[in-house]
Structures are given as structure tokens and as C-alpha cells.
Amino acid sequence: MWIRDAVKKAISEAVGGQIEVELEHPEAEEHGDYSSNIALKLKGGRGLAQKIADFIKPNGVIAKVEVAGTGFINIWLQKEYLVKELERVITQAQDYGKDVIGQGKTVIIDYSAPNIARQFGVGHLRSTIIGQALYNLYKFLGYKVIGDNHLGDWGTQFGKLIYMIITEKQGELTVEKLEELYVKFHKMAEADPGLEKEGRKWFKKLEDGDTEARRIWQECVDVSMAEFNRIYEILKVKFDEAYGESFYVDKMAAVIDEAKTMGIAIKSEEAWVIEIEGVDIPLMLVKSDGGTTYATRDLATLKFRGDKWNPEIVIYEVGAEQALYFQQLFVAAQRLGYVRTQARLVHTKHGLYLGMDGKRFRTREGQTVKLEGILIEAIDRARKLGNTDQAQTVGVGAVKYFDLMHNIQSDIVFDWEKIMNLEGNSGPYLQYTFARTQSVLAKSQFSILNSQFGVNGLKLHPEEEKIIRWIYRFGEVVEEAAGRYAPNLLCNYLFELAQGYNSFYNKCSILGAQGPGERDFRLLLTAATGQVLKNGLSLLGIEAPDRM
RNA sequence: GCCCUUGUAGCUCAACGGAUAGAGUACUUGUCUUCGGAACAAGUGAUGGAGGUUCGAUUCCUCCCAAGGGCACCA
Numbered sequence: 270m271w272i273r274d275a276v277k278k279a280i281s282e283a284v285g286g287q288i289e290v291e292l293e294h295p296e297a298e299e300h301g302d303y304s305s306n307i308a309l310k311l312k313g314g315r316g317l318a319q320k321i322a323d324f325i326k327p328n329g330v331i332a333k334v335e336v337a338g339t340g341f342i343n344i345w346l347q348k349e350y351l352v353k354e355l356e357r358v359i360t361q362a363q364d365y366g367k368d369v370i371g372q373g374k375t376v377i378i379d380y381s382a383p384n385i386a387r388q389f390g391v392g393h394l395r396s397t398i399i400g401q402a403l404y405n406l407y408k409f410l411g412y413k414v415i416g417d418n419h420l421g422d423w424g425t426q427f428g429k430l431i432y433m434i435i436t437e438k439q440g441e442l443t444v445e446k447l448e449e450l451y452v453k454f455h456k457m458a459e460a461d462p463g464l465e466k467e468g469r470k471w472f473k474k475l476e477d478g479d480t481e482a483r484r485i486w487q488e489c490v491d492v493s494m495a496e497f498n499r500i501y502e503i504l505k506v507k508f509d510e511a512y513g514e515s516f517y518v519d520k521m522a523a524v525i526d527e528a529k530t531m532g533i534a535i536k537s538e539e540a541w542v543i544e545i546e547g548v549d550i551p552l553m554l555v556k557s558d559g560g561t562t563y564a565t566r567d568l569a570t571l572k573f574r575g576d577k578w579n580p581e582i583v584i585y586e587v588g589a590e591q592a593l594y595f596q597q598l599f600v601a602a603q604r605l606g607y608v609r610t611q612a613r614l615v616h617t618k619h620g621l622y623l624g625m626d627g628k629r630f631r632t633r634e635g636q637t638v639k640l641e642g643i644l645i646e647a648i649d650r651a652r653k654l655g656n657t658d659q660a661q662t663v664g665v666g667a668v669k670y671f672d673l674m675h676n677i678q679s680d681i682v683f684d685w686e687k688i689m690n691l692e693g694n695s696g697p698y699l700q701y702t703f704a705r706t707q708s709v710l711a712k713s714q715f716s717i718l719n720s721q722f723g724v725n726g727l728k729l730h731p732e733e734e735k736i737i738r739w740i741y742r743f744g745e746v747v748e749e750a751a752g753r754y755a756p757n758l759l760c761n762y763l764f765e766l767a768q769g770y771n772s773f774y775n776k777c778s779i780l781g782a783q784g785p786g787e788r789d790f791r792l793l794l795t796a797a798t799g800q801v802l803k804n805g806l807s808l809l810g811i812e813a814p815d816r817m
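Residues 270 to 817 in our numbering are what the first sequence lists, from first letter to last.
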């Protein structure tokens with residue numbers, strides 16, 4: 270962001286330009302807009318801080334510089350500059366906050382990835398929602414982004430399913446029925462261990478292209494996808510690609526060959542595995558019965574992605590329980606040379622949903638909780654609260670925001686009272702605040718073209734100052750949220766913005782302001798707040814209705 | 001048993017090695033003869049325990065305690 274870089278540059282010049290300058294926004298407003306601890310880092314204390322501060326001359330951006338505490342350098346920005354920033358928000362509109370730091374770079378985001386023949390459970394909500402938010406963030410920063418839904422549509426479980434479908438003649442298949450069959454298979458296999466062999470036999474047939482196995486598999490895929498697409502429609506989630514694991518079936522042989530000839534894969538108990546330094550368990554490429562594993566497919570996937578897109582970053586938005594596996598996978602992929610050596614392979618390791626008892630979120634019967642039911646109930650609850658028109662926007666927005674507002678790595682307790690809470694830090698609160706700004710603007714005939722926003726002679730209320738000292742940080746937050754794979758930072762930012770605006774709204778009359786200058790300025794503040802809220806919510810994948 | 005992650009107000013969560021650890025909720029008390037009360041304001045209340053590194057530690061390191069997850073033929 271231009272402003273932060275300008276401040277950094279001023280300090281950097283003061284210390285000779287050799288050291289990387291870190292800036293932060295002090296928590297207490299009496300400590301300025303930006304603060305640097307560089308004098309402390311250089312062990313120079315207050316003396317050095319004062320020297321640096323003296324070197325920095327106020328200009329169009331920097332209003333004043335002060336030394337405080339044990340050696341902090343605090344910097345205040347010019348109010349005129351900050352008001353100009355509000356005008357930029359209006360003129361750039363939906364593009365405000367965009368950047369080009371990602372230009373020429375490609376990032377692949379692997380998210381959602383539900384399993385075919387399994388119900389779409391709440392477990393997949395995090396991956397789907399966070400993945401989409403990361404997708405939006407990176408795109409906003411100028412990256413070329415590929416969103417790939419890596420469907421779980423291959424594996425031994427299909428051998429088991431096909432066996433069950435053939436032996437127990439079935440009518441019309443549903444996802445629910447498929448899941449039942451899968452569970453039933455495992456119950457039967459407990460009594461008759463020979464069944465596992467049958468399952469593997471049928472999976473082998475599927476991999477070898479057996480017509481009947483293939484036909485049944487396709488039916489499972491079609492039935493499941495119809496259900497998944499219904500959910501994506503409600504969530505307004507989109508993908509660029511949805512290759513799925515089955516896409517890589519004919520690409521695995523090459524991976525296995527390469528791993529063998531490079532001496533990376535070794536034989537162990539009739540299976541082919543890749544040993545990873547520092548990890549006890551090796552990564553399995555070929556099972557003892559000759560079948561492949563998910564690791565083989567994931568390596569083929571990375572090879573394909575590397576060849577096709579040559580990405581700088583590949584983000585796997587997958588739960589923390591697979592941390593060990595991804596650690597192995599990434600090492601193996603690097604050794605096989607499937608991605609460029611500087612490429613960042615990231616596993617976001619999100620936490621999971623817990624029930625109110627602190628245990629994994631399940632139904633009373635121990636089944637995974639279906640996401641569609643959750644979404645329908647959220648919409649229903651929103652409708653009962655009086656949002657007939659915007660029930661879906663508000664209900665789904667509440668669920669999404671609740672997910673995104675948490676630190677990505679922490680487990681989340683699933684509590685309806687908290688999710689559907691309209692008050693306080695919630696999606697509906699942000700949507701409400703946006704609707705409020707639009708309502709005021711609609712009544713005002715506001716137009717940026719015939720207004721004057723000079724702050725000369727205008728005495729700003731503390732609430733107004735707080736907002737102008739907050740708006741310009743939007744771009745920085747977007748960048749940080751993307752860089753740290755942390756959409757919750759954007760949630761925090763937007764919530765504080767909305768809080769600040771509501772506080773201002775309660776203290777200051779906008780339409781009834783004294784004098785045209787004050788009125789125009791407050792309307793500008795309102796318009797800018799609304800625009801940033803809208804841009805931010807849109808990055809989170811949450812809609813902002815004008816009325817609700 | 002080994003490995004990873006997490007322990008912050010009654011509850012649910014924040015915090016970039018920085019300055020007085022922030023919110024929401026719950027509870028208590030208020031504001032507004034209103035531009036949308038899904039609002040605003042005030043109060044009560046917290047870093048699991050013991051050491052260490054640092055000018056400065058919720059954050060980094062070690063040990064202990066507790067919880068969750070993982071540990072090749074499921075993904």
C-alpha cells in the first residue's frame with residue numbers, strides 16, 4: 270500500500286536505508302497512526318529514536334513525528350491526506366483496496382473437495398468457505414488464481430460400494446443410500462474379514478476399466494454431484510476446475526515409474542513407499558495388492574498442476590488432521606521436482622467443528638451432520654426474525670461469517686445461539702450497518718461531484734477521526750489476510766469499521782449537520798464506510814444487501 | 001508409547017515479540033421525543049503451572065498438567 274510504503278521510506282532514509290523497517294498500528298490512538306520500534310531493535314533507545322524522528326520532515330502525508338516510551342517512533346498522518354483517501358474510496362468504488370502485487374504470479378487453491386458417495390457434512394464447510402475467501406483475496410491482489418475442487422471420487426471405498434451395489438440389488442441410488450451401504454459393508458466386514466478383499470478386488474477392476482464397475486461408479490458421481498451443486502448454489506461458491514482424483518487415474522503410472530527410477534520409491538512389505546526424513550511413517554505409493562493410494566493421486570495432481578500452471582503458491586485448504594500427510598506429500602513432491610523449488614506448498618490446517626460437549630460435531634446417532642440441513646435451518650431462522658426478502662442472504666451470511674471470524678486453526682464450537690446471533694460481532698451486524706449507510710445516502714441526494722470536503726475549519730469529532738484513521742488500512746489488511754491465510758483478520762477489521770461507524774452515527778447527525786461542509790463530509794464518510802464494508806464482505810463471499 | 005496442535009473474562013473468540021491483553025455474549029445500569037434500536041454508552045471480569053531468553057513475552061525455548069488430532073494398504 271502506497272501510504273505505508275511512504276512512511277516506511279521516510280524512516281528507512283533516516284537510518285541509511287540498510288535495514289528492513291517494520292511498521293505497526295499502535296493500539297492506543299494517542300500513539301499515532303503508525304509506529305516503528307526500529308530504534309529499540311538497533312539498541313539505540315530514546316536517543317536514536319529522537320535522531321530518526323528529527324530527520325523525518327513533515328510533508329503532504331506525514332503530519333508529525335514523536336518519540337515515546339523507551340524509544341518508539343510514533344507517526345501521525347495528515348488529515349487532509351486521509352480525507353482525500355475517502356474520496357479515492359468513492360472514485361475507485363469496487364476496485365478500492367485492489368493491488369497488483371500478485372501480477373504475473375499464479376496461485377492454485379484446492380478447496381472444498383467433498384467425497385463422492387458421502388453426504389456433504391459440516392466438516393466441509395470450513396474448507397469451502399475459507400477456500401473461497403482466500404480465492405477472492407488473492408484475485409483482489411492481482412494473482413492469477415486457479416480454484417480447483419479436488420473431488421474425492423476415487424479410492425478403495427468405491428470397490429466396496431460397487432461390491433455392495435452388485436450383491437444387494439438397489440433401485441434408485443441416493444447419496445444417503447450410498448452412505449448406508451458403505452457403513453453396512455464395514456459392519457459385515459467385521460464379521461467376515463474376507464469382504465475387504467472383495468472391495469479391493471472391485472476397486473482394482475475399476476482401475477482397470479471394467480465396464481460395469483465404471484458404470485456404477487459414474488452413477489455414484491452423478492448422484493453426489495447433483496447434491497453438491499445444490500449446496501454450492503446456496504453458498505454461491507464457484508470453482509474454475511473440478512478435476513477430482515479420477516482425472517489422474519491414467520497419470521499415476523508415470524509418477525510411480527519416475528519415483529522408482531529416481532530411487533525415491535523403495536519396496537517395503539510388497540508395497541512401494543517413499544521414506545521421509547524425520548517422519549516414522551513412509552508415504553505409500555503402491556499398496557501390496559498393486560492398487561494405488563491417495564498419495565499417488567495427489568502426487569500426480571501436483572505434477573499436473575506444476576506442468577500446466579507452474580504456480581508460485583499451492584494452497585491446500587484442508588483440515589489439521591491431515592497435517593502429517595501433507596508434510597510428507599510436500600517433501601515427496603519437491604524431491605520428485607513436480608513444483609519449482611521456490612514454490613510455496615501450503616496446508617492451511619483449519620480446525621474442526623466441535624459439538625457443544627467439546628467433542629467432534631456429530632448427530633446423536635454418531636453420523637456427520639449434513640451441511641444442507643444447517644443452511645436450510647439458518648435461512649429459516651433468518652426468515653423468522655423478519656427477513657423475508659433477504660432470508661437467504663442473511664442466514665447464509667451469518668453462517669459464513671461465523672466460520673470466517675475464527676482463527677483458521679482453532680476448533681469451533683457449533684452453537685446455533687452464537688451463529689444466528691444478530692447482535693454484536695456477526696455477519697448480520699455488518700450487513701445491517703451497510704444497509705444503514707445506503708439508507709442515509711439514498712435520502713441525501715449525495716454526489717461526490719458537487720460536494721466540498723476541505724477539512725480546513727472543520728472540527729472533526731473523535732468518532733469521525735477514528736473512521737478516517739481506519740479506512741485507509743483496508744488494503745493493508747487485505748494483503749495481510751491473504752499472506753497469512755487468515756480471513757479472520759479481515760472480519761476483525763470490518764467489524765471495527767462497522768462499530769466505529771455506528772458509534773459515529775449515534776453521536777453525530779448526518780443529514781441534520783450544521784452547515785453544508787459538515788454535511789458533505791459526513792456523507793462522504795458514510796459513503797466510504799459503506800463501500801469498504803461492501804468490498805470487504807464481498808471478499809469474504811458475503812452479500813451486502815441495500816435493505817434488510 | 002511417539003509426533004503435531006491448542007490451553008486467554010462465566011461462555012464463545014481476538015491480539016503483527018511492543019506501550020494500559022481487545023471484542024462479542026451473559027449479567028448490571030443507562031442513551032435516544034431517532035438519518036434504520038439488528039444501534040449506542042458505562043460497569044463487573046482473563047493469559048493452565050514452573051523456569052528461561054529479551055530493554056520488553058499471551059506470543060520464542062525447556063519441563064509439568066489438561067484437551068483435541070495423527071501414527072502406511074481409508075482420504
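Heads up, the beta-carbon is just placed ideally off N, CA and C, and yes, glycines get one too.
Within a Cβ cutoff of 6 Å, which residues of the same chain sit near residue i, ignoring the five residues on either side of it in sequence?
| i | result |
| --- | --- |
| L614 | V583 and F599 |
| A279 | I325 |
| N676 | N757 |
| S281 | V290 |
| K413 | T375 |
| K367 | F409 |
Distance, Cα to Cα, residue i vs residue j?
| i | j | result |
| --- | --- | --- |
| D379 | V668 | 21 Å |
| E291 | L793 | 32 Å |
| Y404 | A797 | 25 Å |
| P785 | V506 | 44 Å |
| N771 | T702 | 7 Å |
| T443 | L699 | 39 Å |
| S515 | A569 | 11 Å |
| K446 | A458 | 18 Å |
| Q640 | R652 | Sequence check: residue 640 is Leu here, not Gln. Looking at the two C-alpha atoms, the distance is approximately 18 Å. |
| D461 | I434 | 18 Å |
| L644 | F389 | 12 Å |
| K453 | Q636 | 13 Å |
| Y303 | R816 | 36 Å |
| N775 | E298 | 21 Å |
| V492 | A528 | 36 Å |
| C760 | G478 | 48 Å |
| A704 | R566 | 47 Å |
| S537 | G559 | 13 Å |
| T632 | Q591 | 23 Å |
| Q611 | G371 | 16 Å |
| D526 | I535 | 11 Å |
Determine the burial state of residue i: buried for a count of at least 16 other Cβ atoms within 10 Å of its Cβ, exposed for fewer.
| i | result |
| --- | --- |
| S716 | exposed |
| I307 | buried |
| W685 | exposed |
| V234 | Not covered by the structure: residue 234. The range shown for the chain is 270 to 817. |
| H393 | buried |
| H616 | buried |
| S305 | buried |
| P731 | exposed |
| Q783 | exposed |
| L605 | buried |
| R742 | buried |
| W739 | buried |
Within this structure, are the beta carbons of residue i and residue j separated by less than 8 Å?
| i | j | result |
| --- | --- | --- |
| A647 | M674 | no |
| E733 | F773 | yes |
| I811 | Y670 | yes |
| V638 | V391 | yes |
| G666 | G696 | yes |
| L406 | A767 | no |
| H619 | G513 | no |
| T561 | M531 | no |
| R483 | G428 | no |
| I344 | G285 | no |
Just to confirm my understanding: we take residue i, look at its own chain, exclude 5 residues before and 5 after, and list those with CB closer than 7 Å. What are they?
| i | result |
| --- | --- |
| W578 | T375, I377 and I415 |
| V336 | R315, A318, Q319, A322 and I342 |
| L309 | T339 and G340 |
| E539 | S557 |
With a threshold of 8 Å on Cβ separation, who are the neighbours of residue i within its own chain once the five nearest residues in sequence on each side are excluded?
| i | result |
| --- | --- |
| R357 | Y365 |
Practice item. For the segment 595-649, list the beta strand (DSSP E) runs that are entirely contained and at least 3 residues long, ordered along the chain. Key: Here the runs fully enclosed are 613-616.
- request: Kindly provide the ranges of any alpha helix (DSSP H) runs that are 4 or more residues long and lie completely inside the segment 500-565, ordered along the chain.
  value: Listed in chain order, the complete alpha helix (DSSP H) runs (minimum 4 residues) inside the segment 500-565 are 521-530.
- Message: For a minimum of 4 consecutive residues, which ranges assigned as the alpha helix (DSSP H) are wholly contained in the segment 279-351?
- Response: Complete alpha helix (DSSP H) runs here, min 4: 307-310 and 314-324.
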